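> Sequential numbering from 27 applies to the sequence shown in this note's numbering.
My structure is below; once you've seen it, I'll send some questions.
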Amino acid sequence: CFAGKDRTGLVAALLLALADAEPAAIATDYAQSAENLREEYLRRFSGSDPARILEALRCPEQGAYNMLKFLDDAGGVKAYLRHIGLADEEIAALRARLRS
């Protein structure tokens, strides 16, 4: 993850899922990252093979769907957030903030 898109995308997807965003919207948002990062990374790594840079920037919608399935298999986004250490009160406050 040299572009920061995967970790950032994971956190963004967790927050969007917690706010009840539609899976298709989450996947589309993630996929848009490649286009949004394209010019900056081609410029930043101008001495590198452009095809290699673009491959590293790929953000396929399926990646977001895979992550959402992982969350579902883990009992849902709230269960996952509990598992990684958030208290129910923190999850509820975060969700309320995201939905306001």
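Note that beta-carbon positions come from the ideal geometry of N, C-alpha and C, so glycine has one too.
Predicted, not measured: the structure shown is a model, and the values here were computed from it.
So the alpha helix (DSSP H) residue 70 belongs to, where does it begin and stop?
Note, residue 70: alpha helix (DSSP H), 49-70.
> Quick test of the definition: if touching needs 3 or more C-beta pairs under 8 angstroms, does the segment 100-117 touch the segment 66-80?
Short answer: they don't touch.
> Output the boundary residues of the alpha helix (DSSP H) element that contains residue 117.
First-last of the alpha helix (DSSP H) with residue 117: 114-125.
> Could you tell me the boundaries of the alpha helix (DSSP H) in which residue 83 lies?
Counting along the chain, residue 83 falls outside any alpha helix (DSSP H), and DSSP gives it neither H nor E.
> Candidates 46, 76, 47, 85: which alpha carbon is nearest residue 62's?
When each option's Cα is compared against that of residue 62, the closest is 85.
> If you follow the alpha helix (DSSP H) that residue 105 is part of, which residue opens it and which one closes it?
103-109 is the span of the alpha helix (DSSP H), which, as asked, contains residue 105.
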